[in-house]
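S.K.: Residue numbers (our numbering): 510 to 893. The structure's right below; bear with me while I get my questions together.
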Amino acid sequence: MLARLDQFPAVLLLGPRQVGKTTLARRIADRGFKERKTVYLDLESPQQRERLADPEMYLSEHQDALVVLDEVQNLPEVFQVLRVLIDQGREQGIRNGRFLILGSASIALLRQASESLAGRISFVHLQPIDVVEAADGDQEVLWNRGGFPDSYLAGSDQESAQWRSDFIATYLQRDIPQFAPRIPAETLRRFWVMLAHLQGDPLNASKIARGLGVSSNTVSHYLDLLVDLLLVRRLPPHHANVKKRLVKSPKVYVRDSGLVHALLRLGSRDALLEHPVAGPSWEGFVIENILGNAPDAADASFFRSSSGAEIDLLLEMPGAELWAIEIKRGLVPRLDRGFHVACEDLAPNRKFVVYSGQESYPKPGGVQVISLMELVREVASHQG
510 MLARLDQFPA
520 VLLLGPRQVG
530 KTTLARRIAD
540 RGFKERKTVY
550 LDLESPQQRE
560 RLADPEMYLS
570 EHQDALVVLD
580 EVQNLPEVFQ
590 VLRVLIDQGR
600 EQGIRNGRFL
610 ILGSASIALL
620 RQASESLAGR
630 ISFVHLQPID
640 VVEAADGDQE
650 VLWNRGGFPD
660 SYLAGSDQES
670 AQWRSDFIAT
680 YLQRDIPQFA
690 PRIPAETLRR
700 FWVMLAHLQG
710 DPLNASKIAR
720 GLGVSSNTVS
730 HYLDLLVDLL
740 LVRRLPPHHA
750 NVKKRLVKSP
760 KVYVRDSGLV
770 HALLRLGSRD
780 ALLEHPVAGP
790 SWEGFVIENI
800 LGNAPDAADA
810 SFFRSSSGAE
820 IDLLLEMPGA
830 ELWAIEIKRG
840 LVPRLDRGFH
850 VACEDLAPNR
860 KFVVYSGQES
870 YPKPGGVQVI
880 SLMELVREVA
890 SHQG
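Here's what the structure looks like:
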């Protein structure tokens, strides 16, 4: 983060609520950045937002400070002003480390920031706690509770489950109405629960629409909202020139495994292991850990044909390398024939099967059985 501030006039830190964005920003503010003072504005506060009634005048008075703008989606028009101030600062030799911007919604902010501050801003995504950051041997706890700090670090599974239940209620009752005031909270809750039940399945908007009593277009609108709020991931299908009919719908995952379990009211690891969602939940957990550590230029997708050829995760890495990753819950991973058939079609450079164990060893066909921790480290260290 400090390196990005040292390189760019503005840095946009994106992540869902309660993931630790404000904590990180306040830590930077407390420590100082290049001996500058820090001005912190929470744009959810009407009083602090009032200070920016004339944003150009107010921010011009703090051109020698690092200005932190928290929850900037509440004042998106400020981006145009930031562009003017950044360009004025450059003329005066103030080039970098001007603004640290925090946001809880991605698509609209990325578009607005990219259009207004092209060449002046860097984007950083703050993920929930992952397997590298978690305590040694805590992978199962992290999977069960999810990576939101207050959930993962709770004193017990019961406290963690309560925190996640309250988190979901807060999103539905307070946060989401700010972005989509016309969506009934109860309908959206049912939709979110449906996605948890269908974790990792290709999207069937018509089926979900029938279950909710709404149109397919409405389902798409609900999904766009949860994706934009960084709560749901749409994993696109891989487009390959093979002589097979391929699945064209994206696979959909509730991004945090702890939220999957809370939505399905699975309050303990034992309850989780007895539920059919255990395998899909583990798959989503692995994917989030991998993609949270992948290079920015990596492209992620999945491969599935109508004949059963399938790869859970494909990573097109920098350097034109294709990695095929199959995900298995358990200590004795067995690969289906569909994985080998898909690899024959795509000829990936590397083939992995991620499992719950810690040892790594080769399997026939050039497949590497690998732990999640080790694969995350391999992905993070890839240079291309």
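Even glycine gets a Cβ: it sits at the ideal position worked out from N, Cα and C.
When we look at the beta-carbon of A851 and count the other beta-carbons within 10 Å, is it buried (16 or more) or exposed?
M.R.: Buried, since its Cβ has 16 or more Cβ neighbours within 10 Å.
S.K.: Within the same chain, show all residues whose beta-carbon is closer than 7 Å to that of A714, passing over the 5 residues directly before and after it, in chain order.
M.R.: Here the set comprises S725, V728 and S729.
S.K.: Can you check DSSP and say which residues form a bridge with Q687?
M.R.: None, per the DSSP bridge assignment.
S.K.: At the level of alpha carbons, what is the spacing between R800 and V761?
M.R.: The amino acid at residue 800 is misidentified as Arg; the sequence shows Leu. Distance between the alpha carbons of L800 and V761: 15 Å.
S.K.: Quick one: is P518 buried, meaning 16 or more other Cβ sit within 10 Å of its Cβ, or exposed?
M.R.: It counts as buried.
S.K.: Would you tell me roughly how many angstroms separate the C-alpha atoms of S669 and G598, rounded to the nearest one?
M.R.: Distance between the alpha carbons of S669 and G598 is about 46 Å.
S.K.: Please classify M826 as buried or exposed, where buried requires at least 16 neighbouring CB atoms within 10 angstroms.
M.R.: Classification for M826: buried.
S.K.: Return the bridge partner residues of D808 from the DSSP annotation.
M.R.: Its beta-bridge partners are E825.
S.K.: Determine the direct distance from the alpha carbon of Y567 to that of F811, and round the result to whole angstroms.
M.R.: One C-alpha to the other measures close to 48 Å.
S.K.: Please say whether T531 and D579 have beta carbons closer to each other than 8 Å?
M.R.: Result yes, Cβ atoms of D579 and T531 sit closer than 8 Å.
S.K.: Determine the extent of the alpha helix (DSSP H) in which S674 is found, giving its start and end residues.
M.R.: Segment D666 to T679, the alpha helix (DSSP H) holding S674.
S.K.: Let me check understanding here. Comparing Cα to Cα, which of K757, G646, L552 and L704 lies closest to L610?
M.R.: In the sequence as presented, Leu is not what sits at residue 610; that position holds Ile. It is L552 whose Cα lies nearest to the Cα of I610.
S.K.: Helix, strand or coil: how does DSSP classify H784 here?
M.R.: Note: H784 maps to coil in three-state DSSP.
S.K.: Taking C-alpha atoms, which residue in P746, R540 and V763 lies nearest to V756?
M.R.: It is P746.
S.K.: Taking a contact to mean a Cβ-Cβ separation below 8 Å, would you say G474 touches S766 in this structure?
M.R.: Nothing about residue 474 can be reported from this structure: the residues present for the chain run from 510 to 893 only.
S.K.: Please name the residue in S869, Q867 and F861 whose C-alpha comes closest to that of G875.
M.R.: Nearest C-alpha to G875: F861.
S.K.: Sorted by chain position, which residues of the same chain lie with C-beta nearer than 8 Å to Q589's C-beta, five sequence neighbours on each side aside?
M.R.: Once the five neighbours on either side are set aside, the close Cβ partners of Q589 are S625.
S.K.: Nearest by alpha-carbon distance to G524: which of V576, L619 and A512 is it?
M.R.: Of V576, L619 and A512, the residue nearest in Cα terms is L619.
S.K.: To the nearest angstrom, how far is it from the Cα of L772 to the Cα of A538?
M.R.: Approximately 36 Å between the Cα atoms of the pair.
S.K.: Under the three-state reduction of DSSP, which class applies to H634: helix, strand or coil?
M.R.: Three-state result, H634: strand.
S.K.: DSSP three-state call for S777: helix, strand or coil?
M.R.: The answer is coil: DSSP assigns S777 none of H, G, I, E or B.
S.K.: In the DSSP output, what is P746 paired with across the bridge?
M.R.: Partner(s): F811.
S.K.: Under 8 Å by Cβ, that's how I've got G722 and E792 pegged, so tell me the actual separation to the nearest angstrom.
M.R.: Incorrect: roughly 29 Å between the Cβ atoms, too far for contact.
S.K.: Taking the alpha carbon of A906 as the point to measure from, which residue in L662, V702 and Q667 has its own alpha carbon closest?
M.R.: Past the edges of the chain, shown from 510 to 893, lies residue 906, and the structure says nothing about it.
S.K.: What residue range does the alpha helix (DSSP H) around P658 cover?
M.R.: Unbroken alpha helix (DSSP H) run through P658: P658 to Y661.
S.K.: Starting from G866, trace the beta strand (DSSP E) in both directions and tell me its first and last residue.
M.R.: Neither: G866 is in no beta strand (DSSP E) and is coded neither H nor E.
S.K.: How long is the line joining the alpha carbons of P873 and E830, rounded to whole angstroms?
M.R.: Going by the C-alpha atoms only, they are around 21 Å apart.
S.K.: How would you write the range of the alpha helix (DSSP H) that D737 sits in, first residue to last?
M.R.: Start and end: S725 to D737.
S.K.: Pick out the complete beta strand (DSSP E) segments inside the region 558 to 591, 3 residues or longer, and give them in chain order.
M.R.: Those beta strand (DSSP E) runs which fall completely within the region 558 to 591 and span 3+ residues are 575 to 579.
S.K.: Starting from the Cα of F794, find the closest Cα among Y864, R774, K753 and H748 and give me that residue.
M.R.: Of the candidates Y864, R774, K753 and H748, the one whose C-alpha sits nearest the C-alpha of F794 is Y864.
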